[in-house]
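So the protein lines, in turn, are chains V and W. Count the first sequence with the numbering used here and you get residues 1 to 207, in order. Count the second sequence with the numbering used here and you get residues 1001 to 1207, in order.
2 protein chains.
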Amino acid sequence: MPKQVDHHERRTLLADALLRVAANRGLMDVSLRHVAAEAGVTAGMVQHYFRTKDEMMIFALDVVAARVQARLEDDPDATGDDPRRLVGALLVQLLPLDADRELEGRVAVAYHAYAATRPDVAARLRQDTEGMRAAVAGRIRAAGHAGPLDPEIAATGLLALVEGLAVHVLGGHLAPDAARATLDGHLDVAFGSVSTPPRAARSGSRA
Amino acid sequence: MPKQVDHHERRTLLADALLRVAANRGLMDVSLRHVAAEAGVTAGMVQHYFRTKDEMMIFALDVVAARVQARLEDDPDATGDDPRRLVGALLVQLLPLDADRELEGRVAVAYHAYAATRPDVAARLRQDTEGMRAAVAGRIRAAGHAGPLDPEIAATGLLALVEGLAVHVLGGHLAPDAARATLDGHLDVAFGSVSTPPRAARSGSRA
DNA sequence: TCCGATACGTTGCGACTGCAACGCAAAAGG
DNA sequence: CCTTTTGCGTTGCAGTCGCAACGTATCGGA
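Here it is as structure tokens:
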């Protein structure tokens, strides 16, 4: 072989450029040439590593998933045995609270729209969320007989909540702090550790 | 004047075609020519009614908003004085439970992505959700001292929840029934009318 | 009856798209 | 040394895009 280049590394580099373009200018502006320009290479090289555009798009999606996974793995909060803390650590990774996650969030929204027409993209998205839903539901059950909601419903709700909060934050409809507070509140509900009601409620029950 | 055509009606007709294209083939396929073809007219006519593409896009967004509004106005559930029922009627309109709302949902997702690059689209989206958030929060407060969550947080959460559920249903990650059940469960929580916990909990409290 | 405004349709332009094809340089193996 | 494989750049092509310009037909008012 000649130059001997790490194929996967190159692809990741290009996928990075793609994600930047997608986040900053929208998925409609993701073209071979734009990605190449963003990466500082020629369009020909992009074609060399991805034979088709769709191949590149899907690979970029995998890169995001891997990145979230990686961030989760070296999160101190995500290790331990407090289910509530574990689930919180997982879900907060999906909220665009810093620059990195904002970029990923924009990409995620764009891909959700993209998935409407690309079944294989939809499938990959689906498998990711299904995995997380199962994880969350399991943790809630592990916390034992707690919240007022069925664990499956609570898990589905939390995941959808985070998705919606992310959309609202990205759209400027919601401050990041408010999103975090809303997530915390619903985590409390899901795990049954309800903080004191805002106004005098019926009977304050606590563990 | 010649032919004397209802300008607004024509624009609505074209916007309808746009929405169909957006829902079925994605926003990236929305072009003057495609919209024209879908509407069964020439591209020139589309240009006659919308001087620019962006003008058309924003008008189409208004059409969706008006349609939701209209559907809400002749919904028997949306009239009455039970706050919980009112909010439920409002939020369920945003869930893709039938063909019409599925189309609108796809459009909404596409536009959320689109808004990332178009500030005026983002502003219009923002104003719509802000109005609904205020309405929901008001209704929750009107229900009085009920759920474990602050009314503002509960309203924000419900709106985000519905948004997320819609995305998951559209992506095929979630069955429509499950989405509805999840919404119902969280409405119960928000309004403090908690249905019986799934497994033996502490103390079954009911009104 | 002429005028002009409105309602379209047609054409064309420059820019851009994804992609195939080809070309050349470099390096490992014979 | 020479062939072959791999990395990467260039060019070209058919198609699409938004949009401006122009053409025409139709009607109401003067």
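Yeah, the Cβ is synthetic: ideal placement off N, Cα and C, and Gly gets one too. The structure displayed is predicted, hence computed values, not measured ones.
Looking at C-alpha atoms only, which residue of the options is the closest neighbour of residue i?
| i | options | result |
| --- | --- | --- |
| R126/V | R1010/W, A1135/W, G1147/W and L1170/W | L1170/W |
| V1064/W | E1152/W, D1100/W and H1186/W | D1100/W |
| E55/V | G26/V, G88/V and R118/V | R118/V |
| A1175/W | L1097/W, V1136/W, D1128/W and T1129/W | L1097/W |
| E102/V | H48/V, A22/V and F59/V | A22/V |
| E1009/W | A1060/W, G1157/W and L1032/W | A1060/W |
| D77/V | A66/V, V92/V and G131/V | V92/V |
| K1053/W | V1121/W, I1140/W and A1134/W | V1121/W |
| D108/V | L72/V, L165/V, I140/V and D75/V | Sequence inspection shows Ala at residue 108/V; the Asp mentioned does not correspond to that position. Measuring from the Cα of A108/V, the nearest candidate turns out to be L165/V. |
| D6/V | T79/V, G40/V, R33/V and Y49/V | Y49/V |
| A1142/W | A1181/W, D1177/W, D1082/W and G1131/W | D1082/W |
| A260/V | G1080/W, F1191/W, P1151/W and A1181/W | Here chain V has residues from 1 to 207 only, and residue 260/V is not among them. |
| R1051/W | R1071/W, R1011/W and L1072/W | R1011/W |
| G1131/W | H1112/W, N1024/W, A1043/W and Q1069/W | Q1069/W |
| N1024/W | A116/V, G144/V and D177/V | A116/V |
| Q1104/W | I1140/W, D1062/W and V1136/W | Looking at the sequence shown, residue 1104/W is not Gln but Glu. Here the closest residue by C-alpha is D1062/W. |
| I1140/W | F1191/W, A1043/W and R1071/W | F1191/W |
Is it true that the CB of residue j sits closer than 8 Å to the CB of residue i?
| i | j | result |
| --- | --- | --- |
| G138/V | V189/V | no |
| I153/V | G1172/W | no |
| V1167/W | L1183/W | no |
| R1084/W | S1193/W | yes |
| L1159/W | T1129/W | yes |
| G1026/W | Y114/V | yes |
| R1106/W | I1058/W | no |
| A1155/W | R1133/W | yes |
| D1075/W | A1089/W | yes |
| V1041/W | L1032/W | no |
Thinking residue i and residue j are a contact (beta carbons under 8 Å), I'd like their distance in whole angstroms, please.
| i | j | result |
| --- | --- | --- |
| L94/V | A179/V | L94/V to A179/V, Cβ: 10 Å. No contact. |
| V1030/W | L1014/W | Contact flag wrong, Cβ pair sits at about 11 Å. |
| L209/V | V87/V | Outside the modelled stretch of chain V, which goes from 1 to 207, sits residue 209/V, for which no answer is possible. |
| E38/V | A17/V | 4 Å |
Taking 7 Å as the cut-off, is the beta-carbon of residue i closer than that to any non-hydrogen atom of the ligand NAP?
| i | result |
| --- | --- |
| D54/V | Because no ligand of any kind appears in the structure shown, any question about the ligand NAP cannot be addressed here. |
Just by C-beta distance, which residues in the stretch 18-50 of chain V are closer than 7 Å to chain W?
R25, G26, L27 and M28
Check each residue of the stretch 1084-1114 of chain W: if its Cβ is closer than 8 Å to any Cβ of chain V, include it; give the result in chain order.
R1106, V1109, A1110, H1112, A1113 and Y1114
Chain-ordered residues of the stretch 51-68 of chain V with a beta carbon less than 8 Å from chain W:
Hits within the stretch: zero.
Would you list, in chain order, the members of the stretch 143-155 of chain V that have their beta-carbon closer than 9 Å to a beta-carbon of chain W?
G144, H145, A146, G147, P148, L149, D150, P151, E152, I153 and A154
Listed in chain order, which residues of the stretch 1176-1188 of chain W have Cβ atoms closer than 7 Å to some Cβ of chain V?
A1178, A1181, T1182, G1185 and H1186
Members of the stretch 116-130 of chain V near chain W, C-beta cut-off 8 Å:
A116, T117, A122, L125, R126, T129 and E130
Where the stretch 1156-1167 of chain W meets chain V: residues whose CB sits under 8 Å from a CB there
T1156, G1157, L1159, A1160, L1161, V1162, E1163, G1164, L1165 and V1167
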